[in-house]
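Residue numbers (the numbering used here), protein chains in the order written: chain W, 1 to 171; chain X, 1001 to 1171. Here's the structure we're looking at; comments come further down.
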DNA sequence: CAGTATTTACAAAAATATTTGTAAGAATTG
DNA sequence: CAATTCTTACAAATATTTTTGTAAATACTG
């Protein structure tokens, strides 16, 4: 499923293309797959990022198809997902019409975009819903529910400093 | 799929058991389902927590089967998952042999257990893998890979203050 | 300690998410 | 601006996760 990125056969002395370097590269990709999984991304996204992390040159979708054995559309979608969170960035001025990408070396950009795209929007959606429920609970004149929501809002209050820390990373 | 928790028919004046209070309760459970999803838990876990959040009395697995329309084993597994992260706690001294649970009102306990059970272990596993890869990369004498790992470790350095903040919540 | 009730473990079924293949849409080049 | 290449969108196929049902294990009661 995984081939050697970046280096051509001539640079890789291992027999049958399954030498020590390949094993290391597989392990590194597996590491990124785990990282992606932890962040809620599918395996393929981790593989793609791993491949780009390994590759010395900017990478295009067809490289991924060829070396990771995934479909063209899977490659496209994965690249889009990584671009969305700023994990990779377009590499310009390449003598090839196809879009090429390379690793985003600025961690700040990655964290910022990830928070803005993947963390804050669902969090704000939850806050919106919570606010709406709070109104309805108040109107319901149900003392038990009112008490539960008091607790919920106290929780929210305690959590907000932490969210503020994250927000500060965004600026 | 959802029935009215806590309150018996006599307390609930709505016709056919589908009055305004029921709608609100469904919405509140839906809120917790979304929260659970955000944290990587399946729908059922969110429903169970929502039901316990709503319920005035401690809840047992059969209550969940009856009111949420889930299977007995699903109820058991969901309760276990919630117990693991400290979202609910056992309610003792109940005149019933079955295990009863209620909402964990101490947010501190919840955050602490959640971090210890769900966040830190996979993070440490990644660190372990990263350290192992670092060794292998150093041994490989591949300058490009070495450079990539330098960057990775610099990233790790920048992220560690944030992890330290989380760790401090654990104490 | 025998009998019953409850919980846990695990394989099968169902539901959900991911990946793929194809076709339509843009963009680029000559 | 026609032809070609590349990308995007979306339905079908595949893979994975979640839920269920049953059976084994454990704990309680009389």
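Ideal Cβ positions, reconstructed from N, Cα and C, are used throughout, including at glycine. Predicted model only: the values in this text are computed from it and were never measured.
Chain W within 8 Å of residue i, Cβ atoms only
i, result
"residue 1053 (chain X)", "yes"
"residue 1102 (chain X)", "no"
"residue 1126 (chain X)", "yes"
"residue 1141 (chain X)", "no"
"residue 1086 (chain X)", "no"
"residue 1171 (chain X)", "no"
"residue 1167 (chain X)", "no"
"residue 1160 (chain X)", "no"
"residue 1163 (chain X)", "no"
Residue environment, residue i, which counts as buried when at least 16 other CB atoms sit within 10 Å
i, result
"residue 1058 (chain X)", "buried"
"residue 63 (chain W)", "buried"
"residue 148 (chain W)", "buried"
"residue 1165 (chain X)", "exposed"
"residue 1146 (chain X)", "exposed"
"residue 1036 (chain X)", "buried"
"residue 92 (chain W)", "exposed"
"residue 157 (chain W)", "exposed"
"residue 28 (chain W)", "buried"
"residue 1159 (chain X)", "exposed"
"residue 110 (chain W)", "buried"
"residue 1075 (chain X)", "buried"
"residue 87 (chain W)", "buried"
"residue 78 (chain W)", "buried"
"residue 1085 (chain X)", "buried"
"residue 1040 (chain X)", "exposed"
Interface residues of chain X facing residue i [CB-CB closer than 7 Å]
i, result
"residue 133 (chain W)", "1027, 1028, 1031"
Bounding residues of the beta strand (DSSP E) (the contiguous stretch that carries residue i)
i, result
"residue 186 (chain W)", "With chain W covering 1 to 171 only, the question about residue 186 (chain W) has no answer from this structure."
"residue 1051 (chain X)", "Unbroken run through residue 1051 (chain X) is the alpha helix (DSSP H), 1043-1054; no beta strand (DSSP E)."
"residue 129 (chain W)", "That residue, residue 129 (chain W), is in no beta strand (DSSP E); its alpha helix (DSSP H) goes 120-140."
"residue 1113 (chain X)", "Run containing residue 1113 (chain X): none in the beta strand (DSSP E); it sits in the alpha helix (DSSP H), 1107-1114."
"residue 1183 (chain X)", "The question about residue 1183 (chain X) has no answer, for chain X in this structure spans 1001 to 1171."
Straight-line gap, residue i to residue j (C-alpha atoms, nearest Å)
i, j, result
"residue 1025 (chain X)", "residue 1054 (chain X)", "7 Å"
"residue 1080 (chain X)", "residue 22 (chain W)", "42 Å"
"residue 155 (chain W)", "residue 1056 (chain X)", "19 Å"
"residue 175 (chain W)", "residue 116 (chain W)", "With chain W covering only 1 through 171, there is no way to say anything about residue 175 (chain W)."
"residue 1124 (chain X)", "residue 143 (chain W)", "44 Å"
"residue 1151 (chain X)", "residue 1061 (chain X)", "50 Å"
"residue 107 (chain W)", "residue 1163 (chain X)", "15 Å"
"residue 1089 (chain X)", "residue 1127 (chain X)", "32 Å"
"residue 31 (chain W)", "residue 46 (chain W)", "8 Å"
"residue 140 (chain W)", "residue 134 (chain W)", "10 Å"
"residue 1044 (chain X)", "residue 1070 (chain X)", "8 Å"
"residue 1067 (chain X)", "residue 1096 (chain X)", "19 Å"
"residue 1082 (chain X)", "residue 1038 (chain X)", "15 Å"
"residue 1048 (chain X)", "residue 1042 (chain X)", "10 Å"
"residue 138 (chain W)", "residue 131 (chain W)", "11 Å"
"residue 1121 (chain X)", "residue 1113 (chain X)", "12 Å"
"residue 33 (chain W)", "residue 1094 (chain X)", "47 Å"
Proximal chain W residues relative to residue i, where beta-carbon distance stays under 9 Å
i, result
"residue 1129 (chain X)", "27, 30, 31, 34"
"residue 1137 (chain X)", "24, 28"
Neighbouring residues, chain W, relative to residue i (Cβ below 7 Å)
i, result
"residue 1090 (chain X)", "What residue 1090 (chain X) touches in chain W: nothing, since even the nearest Cβ is about 19 Å away."
is_contact[residue i, chain X] using C-beta, thresh 8 Å
i, result
"residue 150 (chain W)", "no"
"residue 59 (chain W)", "no"
"residue 24 (chain W)", "yes"
"residue 122 (chain W)", "yes"
"residue 105 (chain W)", "yes"
Start-to-end residues for the alpha helix (DSSP H) that takes in residue i
i, result
"residue 986 (chain X)", "For chain X, the structure presents residues 1001 to 1171; residue 986 (chain X) sits outside this window and is missing."
"residue 1102 (chain X)", "It is not in any alpha helix (DSSP H) - residue 1102 (chain X) instead sits in the beta strand (DSSP E) that spans 1100-1103."
"residue 1036 (chain X)", "1020-1038"
Within chain X, the residues that residue i reaches when beta carbons sit closer than 8 Å
i, result
"residue 109 (chain W)", "Those within 8 Å of residue 109 (chain W) in chain X number zero; the least Cβ separation is about 12 Å."
"residue 40 (chain W)", "1040"
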